[in-house]
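A short write-up of the structure that comes next.
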Ligand SMILES: Cc1cc2nc3c(=O)[nH]c(=O)nc-3n(C[C@H](O)[C@H](O)[C@H](O)COP(=O)(O)OP(=O)(O)OC[C@H]3O[C@@H](n4cnc5c(N)ncnc54)[C@H](O)[C@@H]3O)c2cc1C
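Numbering (this note's numbering), first residue to last: 20 to 402.
So, in structure tokens, the structure goes:
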């Protein structure tokens, strides 16, 4: 289905606005926040003021109701300024999406108006120390007790951990039913029995406040169930998976394009023995490889997003493909960018070093590349 020219114009306008915000408000803070591992509160406030958290929320709930390709375009622009902020924004957006599509009216009324202005921040918590990328292997339990669930267990590596106000948590409500026994609970930061571990000292994406979460007889009101009991995977499938992987792929594209821009500028400005290094074929080959890599990942992401928007039941598979391709490409492109900058690129004062470290995490988060390759191959083989 072709987009109407109005829709295309609207996407271009939104993208232009976000690009300006990223350049003027996010990029100047990104390196310092990376060094100190500071959560980018100021950047999140700016996104809230610009109304960006409502981008993928339908108009009925105060959002803009945009499609995945616009979401991907926005996340790309954010990531060019600060990949950590783009990841925090992606996590927040998909939690709001889950509340929109499967939360009760009371939860929508309570959370969406605040989340759409970033006055309340959301995060999702699926991964556990012993589950890896396999959400079906989680062990955190939630047992119904009158009007509450009592939650016990832990979650690991949660973006915005300890900073977010509300967490979409995958729990096991029926141990006998395998993946049919999983449910999604919305758990508030100050829920009794919830505590947080230290901020992980990561190689990249250092401003995202990755923390462990501990649930010790954590009492959660039963009305905080998102979707029905046993529908946890479906809820995640329509939010964290069905939208989040497009955000994750877009972060990779944004990081790669930022690295390319810096490499091109450097190749024109760096003069050795009277010759800009960009006049050498060896450097040109690297630049052309970087350009084709980032542009083909962007085009592939756009194509995958368009297919998912046209048939949402295919969103997971197309999202896996886009994220796999874009994250592997971002790693290659940022690596080459360091090569183009030579020793300068290896120093912390030059942004490509941060982009490379950020890109390294992008083949790991959501689902690792190994899992994604298997998912894609299994779909092709009909397994
Ligand atoms: C920056 C970042 C942000 C994150 N944010 C969040 C978040 O907000 N919420 C959340 O829930 N989680 C989050 N995670 C966790 C993320 O989902 C996991 O790190 C990821 O799923 C991999 O799990 P693991 O780290 O335990 O690796 P492991 O599962 O220990 O994997 C180690 C290696 O073994 C491979 N491997 C494992 N099992 C298989 C298999 N069956 N077949 C083939 N290869 C296999 C993996 O591909 C990998 O190479 C985040 C992670 C990162 C890095």
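The beta carbon of each residue, even a glycine, is placed where N, CA and C say it ideally should be. Small disclaimer: the values here were computed from a predicted structure and weren't measured.
| query | result |
| --- | --- |
| Distance cut-off 8 angstroms: residue 353 Cβ against heavy atoms of ligand 1 | no |
| For residue 144, the residue or residues it bridges with in DSSP | 188 |
| Presumed contact (8 angstroms Cβ cut-off) between residue 249 and residue 184, rounded CB distance | That belief does not hold up - the Cβ atoms of residue 249 and residue 184 are roughly 27 angstroms apart, past 8 angstroms. |
| For residue 110, the nearest candidate out of 387, 217 and 180 (CA to CA) | 180 |
| Proximity below 9 angstroms, CB of residue 319 to CB of residue 278 | no |
| Beta-carbon proximity check, residue 261 vs residue 327, cutoff 9 angstroms | yes |
| Beta-carbon proximity check, residue 168 vs residue 145, cutoff 9 angstroms | no |
| Whole-angstrom distance between residue 141 and residue 92, CA atom to CA atom | 21 angstroms |
| Any non-hydrogen atom of ligand 1 closer than 8 angstroms to residue 393 Cβ | yes |
| Nearest neighbour of residue 395, chosen from 77, 336 and 136 [CA to CA] | 336 |
| Beta carbon of residue 280 nearer than 9 angstroms to that of residue 308 | no |
| Residue 391 - DSSP class collapsed to helix/strand/coil | helix |
| Runs of beta strand (DSSP E) lying entirely within the stretch 241-286, each at least 3 residues, in chain order | none |
| Limits of the beta strand (DSSP E) - the one that residue 177 falls within | 167-177 |
| Beta strand (DSSP E) runs contained entirely in the stretch 281-337, provided each spans 3 or more residues | none |
| Whether residue 201 touches residue 243 by CB criterion (9 angstroms) | no |
| Inter-residue spacing [alpha-carbon to alpha-carbon] between residue 65 and residue 44 | 8 angstroms |
| Best match in 97, 301, 241 and 210 for proximity to residue 166 [C-alpha to C-alpha] | 241 |
| Anticipated Cβ contact below 8 angstroms, residue 283 with residue 239, distance rounded | In fact, because the Cβ distance is near 51 angstroms, the residues do not count as touching under 8 angstroms. |
| Residue 138 CB to nearest heavy atom of ligand 1 below 8 angstroms | no |
| Own chain residues within Cβ distance below 7 angstroms of residue 224, not counting five before or after | 102, 103, 106, 377 and 380 |
| Cut-off 6 angstroms between Cβ atoms - residues of its own chain near residue 289, not counting five sequence neighbours on either side | 296 |
| Whether residue 161 touches residue 147 by CB criterion (9 angstroms) | no |
| Status (buried if at least 16 other CB within 10 Å, exposed otherwise) for residue 67 | buried |
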